[in-house]
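Heads up: the structure comes next, in structure tokens.
Protein chains: 2
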Amino acid sequence: MTTTALLAYFERVLSLTEAEKSLVAEAFQERKVKRRHFILQKGDVCKHHTFVVAGCFRMYLVDDKGKEHNLQFAIENWWITDIASFYAAEPSSLYIEALENSTILQLRKEDQVKFFDDNLTFNRIFRALTENALVNAHRRILQNISSTAEERYLDFLKRYPQFLQRLSNVQIASYLGVTPEFLSTIRKKMIGS
Amino acid sequence: MTTTALLAYFERVLSLTEAEKSLVAEAFQERKVKRRHFILQKGDVCKHHTFVVAGCFRMYLVDDKGKEHNLQFAIENWWITDIASFYAAEPSSLYIEALENSTILQLRKEDQVKFFDDNLTFNRIFRALTENALVNAHRRILQNISSTAEERYLDFLKRYPQFLQRLSNVQIASYLGVTPEFLSTIRKKMIGS
DNA sequence: GGCAGCCCATAAGGTAGTTTAAGAAAGCGA
DNA sequence: TCGCTTTCTTAAACTACCTTATGGGCTGCC
Chain A
1 MTTTALLAYF ERVLSLTEAE KSLVAEAFQE RKVKRRHFIL QKGDVCKHHT FVVAGCFRMY
61 LVDDKGKEHN LQFAIENWWI TDIASFYAAE PSSLYIEALE NSTILQLRKE DQVKFFDDNL
121 TFNRIFRALT ENALVNAHRR ILQNISSTAE ERYLDFLKRY PQFLQRLSNV QIASYLGVTP
181 EFLSTIRKKM IGS
Chain B
194 MTTTALLAYF ERVLSLTEAE KSLVAEAFQE RKVKRRHFIL QKGDVCKHHT FVVAGCFRMY
254 LVDDKGKEHN LQFAIENWWI TDIASFYAAE PSSLYIEALE NSTILQLRKE DQVKFFDDNL
314 TFNRIFRALT ENALVNAHRR ILQNISSTAE ERYLDFLKRY PQFLQRLSNV QIASYLGVTP
374 EFLSTIRKKM IGS
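Sequence order for the protein chains is A and B.
At position 159 of the first sequence (counting the first as 1) the number is 159 in my numbering, and the numbers step up by one without a gap.
Convert by adding 193 to the 1-based position in the second sequence; the result is the number in my numbering.
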């Protein structure tokens with residue numbers, strides 16, 4: 001059963017009745033995505049909440065000069081959604097790309113309303129997820145305005161060691177907001193000391 | 194009635210019954226705060242959601258070198274809370290300071306649970322508020338990693354013109370993540386062109 | 001009314017991070 | 001297994017932004 005991981009995830013927040021578990025199985029759809037394929041592209045409206053069962057994704061922006069800036073990664077048991085586009089039903093300015101062959105569970109917005117909007121437990125769960133994401137976003141803003149690139153890299157290594165083996169330095173540099181060349185000099189300096 | 198502005202705010206999201214309006218009046222407490230006084234200091238646990246009825250606040254971090262970094266401002270009809278501390282009940286690393294003599298409405302965490310946790314309407318409202326805050330946070334992260342200080346300043350002017358008259362350039366510079374001196378050179382350059 | 005404290009501007013020298021270019025190593029598709 | 005694309009590194013020139021210092025104007029306070 002592919003929703004096993006998702007149910008386990010939900011039950012870390014609040015426990016579910018059997019009826020609620022069935023709702024989850026009914027509302028979420030499984031999908032396989034190949035490496036380098038996109039589940040969201042600029043201009044699309046983001047119509048799904050996506051939960052990663054297996055694999056790895058990145059969400060990024062392409063700026064005026066054509067440069068990519070990674071906003072977020074997601075591996076097993078993470079969510080990845082352009083919430084600005086999802087909630088406002090506006091065209092997204094972001095891309096979500098699979099970095100590995102992946103399996104996901106998706107919840108369409110209509111199905112979120114249909115299945116979960118009247119349910120207090122799921123309202124609490126989705127509120128908790130959003131609060132959690134907001135705490136992380138605030139931490140990252142603080143870090144961006146108060147730390148150097150080296151400090152951010154060290155924090156990234158400590159906080160997400162599981163990403164190190166799966167992501168190239170190009171991807172990590174883009175997430176930290178520096179060029180791969182500069183990340184390379186940071187790494188060199190760290191090994192030296 | 195001091196909760197008028199707050200009720201109007203809530204009803205922009207979802208309409209409330211009379212009973213729910215009474216709940217709001219019961220749960221929120223009014224408080225006056227003088228300029229330069231704090232409603233949160235580093236080490237405190239953030240125990241309230243704060244809604245600004247009148248006045249102006251800033252939330253900021255002090256880094257290892259003693260420098261202040263503004264994370265957020267709040268004026269009339271804005272919320273200001275250290276959500277990381279509030280939800281995790283951990284000591285905060287932030288300060289929230291009144292920049293003007295102000296009037297606020299505060300909701301204690303226990304009262305949020307007591308009055309609103311079982312109420313579907315308020316769950317939806319608080320979820321919507323959090324989603325909104327998350328969208329803003331994501332936009333700000335994107336901007337921090339993809340824009341220059343000048344671009345961020347221009348966007349700040351466009352997005353929050355009402356802040357211009359009320360905040361010093363020192364406060365704005367700290368929000369943008371640059372020194373006041375550099376903001377001054379940006380402003381000079383803009384006038385010249 | 002005068003002093004203290006804050007705010008803004010300007011300038012010179014310094015540092016963090018970028019750009020461009022080039023070469024070697026490693027992974028991927030056919 | 002070959003060829004191609006991607007990845008990592010190094011280096012030199014460049015730019016965005018910081019630091020420190022100075023001076024002048026404004027505001028609030030006794």
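Cβ coordinates follow ideal geometry from the N, Cα and C atoms, glycine included.
To test your reading of the DSSP string, which unbroken alpha helix (DSSP H) runs of 4 or more residues are found completely within the stretch 320 to 378 of chain B?
342 to 352, 354 to 357 and 362 to 369
- Cross-strand partners of W272 (chain B) (DSSP beta bridge): B:F244
Roughly how many whole angstroms lie between the Cα atoms of T372 (chain B) and Y353 (chain B)?
20 Å
Any C-beta of chain A under 8 Å from that of E324 (chain B): yes
ask   = Hey, out of B:F315, B:I289 and B:A342, whose CA is closest to E213 (chain B)'s CA?
value = B:F315
| Hey, how far is the Cα of Y202 (chain B) from the Cα of M383 (chain B)? | 36 Å
Of all the options A:F156, A:W78 and A:S85, which has the alpha carbon lying nearest to the alpha carbon of N329 (chain B)? A:S85
State whether the stretch 93 to 103 of chain A contacts the stretch 23 to 40 of chain A, with contact taken as three or more CB pairs (one from each stretch) at a distance under 8 Å. yes
**Asked** Are the beta-carbon atoms belonging to L264 (chain B) and S286 (chain B) less than 8 Å from one another?
**Response** no
Exercise for review: In angstroms with no decimal places, state the Cα-to-Cα distance between P194 (chain A) and K158 (chain A).
Suggested key: Because chain A here runs from 1 to 193, residue 194 (chain A) falls outside it and cannot be looked at.
| query | Since A267 (chain B) and V246 (chain B) are thought to touch, with beta carbons under 8 Å apart, how far apart are those beta carbons, to the nearest angstrom? | reply | Going by Cβ atoms, the distance from A267 (chain B) to V246 (chain B) rounds to 11 Å, so no, they are not a contact pair.
What does R127 (chain A) reach in chain B if we use C-beta pairs closer than 7 Å? N316, F319, R320 and T323
Worksheet item: Where does A89 (chain A) sit, in a helix, a strand or coil, going by DSSP?
Response: coil
Going along the chain, which unbroken runs of the beta strand (DSSP E) with 3 or more residues stay wholly within the stretch 201 to 249 of chain B? 221 to 226, 231 to 233 and 241 to 247
Exercise for the section: Determine, using beta carbons only, whether I334 (chain B) and I141 (chain A) come nearer to each other than 8 Å. Expected result: yes
Next on the checklist: Between D237 (chain B) and chain A, is the shortest Cβ-Cβ distance under 8 Å, so that the two count as touching?
Outcome noted: no
request  = Out of A:E151, A:F163, A:Q162 and A:Q165, point me to the one whose CA is closest to G177 (chain A)'s CA.
outcome  = A:E151
Quiz item: Going along chain B in order, which residues have a C-beta closer than 7 Å to the C-beta of R140 (chain A)?
Solution: I334
- [ ] State yes or no: is the C-beta of L209 (chain B) within less than 8 Å of the C-beta of L200 (chain B)?
- [x] yes
Determine, for D111 (chain A), whether the minimum Cβ-Cβ distance to residues of chain B falls below 8 Å. no
query: Between H69 (chain A) and Q106 (chain A), is the Cβ-Cβ spacing less than 8 Å?
result: no
Considering only residues of the same chain and omitting the five flanking positions on each side of C56 (chain A), which have a CB-CB separation below 8 Å? F73, A74, I75, A98, L99, E100, S102, R166 and L167
Relative to the alpha-carbon of K302 (chain B), which residue among B:L322, B:K240 and B:H331 has its alpha-carbon at the smallest distance? B:K240
Report task. Taking 8 Å as the cut-off, decide whether the C-beta atoms of F308 (chain B) and E223 (chain B) are in contact. Result -> no
Please list, in chain order, the residues of the stretch 144 to 165 of chain A that have any C-beta partner in chain B closer than 9 Å. N144, I145, S146 and S147
**Message:** Can you check whether the C-beta of G66 (chain A) is within less than 8 Å of a C-beta belonging to chain B?
**Reply:** no
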